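Going left to right, the sequence shown walks through residues 271 to 662 as my numbering numbers them.
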Amino acid sequence: MALAAQGFGRPRPATVGTRQLNGLLDRIGLLQIDSVNVFERSHYLPVFARLGAYDKGLLDAITLRPRAPHTEYVAHEAAFVRREDRPLFRWRMDEFRAKYAPDADAWNASHGRTASWVLDALAANGPMAASEMEHEDNVRKGPWWGWSDVKRTLELLFRFGDVAIAGRNRFERRYALPEQVFPAAVLEERVETADAVRELVRRSVRALGIGTLSDIADYYRLKSAPAVQALRDLEDAGTVRQVQVAGWERAGKPLPVWLDADARLPREVRASALLSPFDPIVWERARALRMFGLDYRIEIYTPAPRRVYGYYVLPILQDEAIVGRVDLKSDRKAGVLIVQAAWAEAEADADTPGRLAELLRDAAEWQGLSAVHVRDRGTLAGALRSAIAEAA
271 MALAAQGFGR PRPATVGTRQ LNGLLDRIGL LQIDSVNVFE RSHYLPVFAR
321 LGAYDKGLLD AITLRPRAPH TEYVAHEAAF VRREDRPLFR WRMDEFRAKY
371 APDADAWNAS HGRTASWVLD ALAANGPMAA SEMEHEDNVR KGPWWGWSDV
421 KRTLELLFRF GDVAIAGRNR FERRYALPEQ VFPAAVLEER VETADAVREL
471 VRRSVRALGI GTLSDIADYY RLKSAPAVQA LRDLEDAGTV RQVQVAGWER
521 AGKPLPVWLD ADARLPREVR ASALLSPFDP IVWERARALR MFGLDYRIEI
571 YTPAPRRVYG YYVLPILQDE AIVGRVDLKS DRKAGVLIVQ AAWAEAEADA
621 DTPGRLAELL RDAAEWQGLS AVHVRDRGTL AGALRSAIAE AA
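See the structure below:
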């Protein structure tokens, strides 16, 4: 059910166009954004996992252009969502303002002058990247990732809803006034907080198919209490129903679980996919462990000598199981997809190396790379290298 709700197990289209991309984004609700590009930026990967090879330029056209149908907001973390969904997050904008600017005098003392300047600059010049703003406060602080005061202020104003994102250029955000990005009807629409949360919970359950309260609340990073109330309202409306799942327990007691009333239960799911660390299938680590037995964490920020599996490790979905994980790197200069490590999970079987070899060849071709090279690290590395060599 969970995999089908996320778009797995369906026949892949012969050609992936804008219609298929929009349909997938509507199904899963959002695409989480992450800047790490050692293999491929995260938001491109859920589409490849579900639809296969596609033209990334088409996804850029509906997410990165100034008037694209999708824009950015903090929906899960930073994510692409439909432009018309902005009113559903107005309460979150208010919460960010209450958190970061509760005292007007303190805000004005620390950010007010810079905030007024950047808003005036956007009004005068239209959408701009932070790097394009010439200001005495636009100087990085600390190491290379340190934000300038201008960048920090822009990011806060973005969270408050005073600034919007008008696409990206070379993956750098372009900031704009909301009226430069959204039609008046979207900006003027008001949705009561309880109604907005109920709609987000409804979308969460639909995207998950089935889930616990923590699963459902985490999808749009909602608090438990309003999520519970929303689930009760949706139960009364017949949109969701409460069930139990064998083995889903806490302290020996069954966890409450909610099921999408329209969830599809396929006879089986046939799939072969690389999952981004920020794919909804695995982004909630407790759910990944509960459903797939996958004890997963991102080791990017772990010092190299202490990493267990690797730097940018992607779980491997085959049919209804996660059978392994691979640490991938795209060597674009050499035209090679490097498998820095490959590890088998308990669900791996004799078909796993061959199917993974085919998937990696498809991934390399999609990335414009001509070969796959497997390094000698991990319990699956030897069998995977042999499978790739046999198919060459």
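Ideal Cβ positions, reconstructed from N, Cα and C, are used throughout, including at glycine. Predicted model only: the values in this text are computed from it and were never measured.
- Between the segment 475-490 and the segment 549-565, the count of C-beta pairs closer than 8 Å reaches three or more; the two stretches touch.
- Ala591 is positioned such that its CB atom lies no closer than 8 Å to that of Glu628.
- Taken in chain order, the unbroken stretches of beta strand (DSSP E) that lie wholly in the segment 461-544 and span 3 residues or more are 480-482, 510-513, 527-530 and 542-544.
- Per DSSP, the continuous beta strand (DSSP E) segment holding Asn439 begins and ends at Ala434 to Asn439.
- When C-beta atoms of the segment 353-370 are compared with those of the segment 439-446, fewer than three pairs fall below 8 Å, so the two segments do not count as touching.
- In summary, Asp549 is buried, with 16 or more beta-carbon neighbours lying within 10 Å of its beta-carbon over all protein chains present.
- Non-local beta-carbon contacts of Phe452 in its own chain, meaning distances under 7 Å to residues more than five positions away in sequence, involve Arg353, Arg356 and Ala434 in chain order.
- Counting the other Cβ atoms within 10 Å of the Cβ of Ala394 gives fewer than 16, which makes it exposed.
- Ranking Pro448, Glu615, Tyr490 and Ala495 by CA distance to the CA of Pro336 puts Pro448 first.
- Around the beta carbon of Asp530, a 10 Å sphere encloses 16 or more other beta carbons of the protein chains shown; the residue is thus reported as buried.
- Leaving aside the five residues that flank Gly624 on each side, the residues in its chain whose CB is nearer than 7 Å to its CB run, in chain order, Ala657.
- With contacts defined as CB atoms closer than 8 Å, Leu564 and Trp613 fail to qualify as a contacting pair.
- Under DSSP, Gly396 shares a beta bridge with no residue.
- For Arg595, the enclosing beta strand (DSSP E) starts and ends at Ala591 to Asp601.
- DSSP, reduced to helix, strand and coil, places Trp553 outside both helices and strands of the structure shown, so it counts as coil.
- In the three-state scheme derived from DSSP, where H, G and I count as helix and E and B as strand, Val286 is classed as coil.
- The beta carbon of Lys326 is closer than 6 Å to those of Tyr314 in its chain, skipping five residues each way along the sequence.
- Distance between Asp632 and Ala323, taken at the CA atoms: about 7 Å.
- Phe309 is not a Cβ neighbour of Tyr490, given a cutoff of 8 Å.
- For Leu639, the CB contacts under 7 Å within the same chain, skipping 5 residues up- and downstream, are Ser600, Gly605, Val606 and Leu607 in chain order.
- For Thr341, the uninterrupted beta strand (DSSP E) run begins and ends at His340 to Val344, by DSSP.
- In the three-state reduction of the DSSP assignment, Tyr370 falls in the helix class.
- In the three-state scheme derived from DSSP, where H, G and I count as helix and E and B as strand, Gln450 is classed as helix.
- DSSP places Leu300 in the coil class of the three-state scheme, outside both helix and strand.
- In the displayed model, Leu607 falls within a strand according to three-state DSSP.
- Rounded to whole angstroms, Ala274 and Gly594 show a C-alpha spacing of 20 Å.
- In the structure shown, the three-state DSSP call for Ile568 is coil.
- According to the DSSP assignment, Pro316 belongs to the alpha helix (DSSP H) that extends over Leu315 to Leu321.
- The residues Ile568, in chain order, have a CB closer than 6 Å to that of Pro547 in the same chain once the five nearest residues on each side in sequence are set aside.
- Using a C-beta cut-off of 8 Å, the segment 467-480 makes contact with the segment 503-511, since at least three inter-stretch Cβ pairs fall below that distance.
- Within the model, the alpha-carbon separation for Gly479 versus Ala338 is close to 28 Å.
- Sixteen is the threshold: when 16 or more other Cβ atoms of the shown chains lie within 10 Å of the Cβ of Tyr343, as they do, the residue is buried.
- Counting along the chain, the unbroken beta strand (DSSP E) around Val642 starts and ends at Ala641 to Val644.
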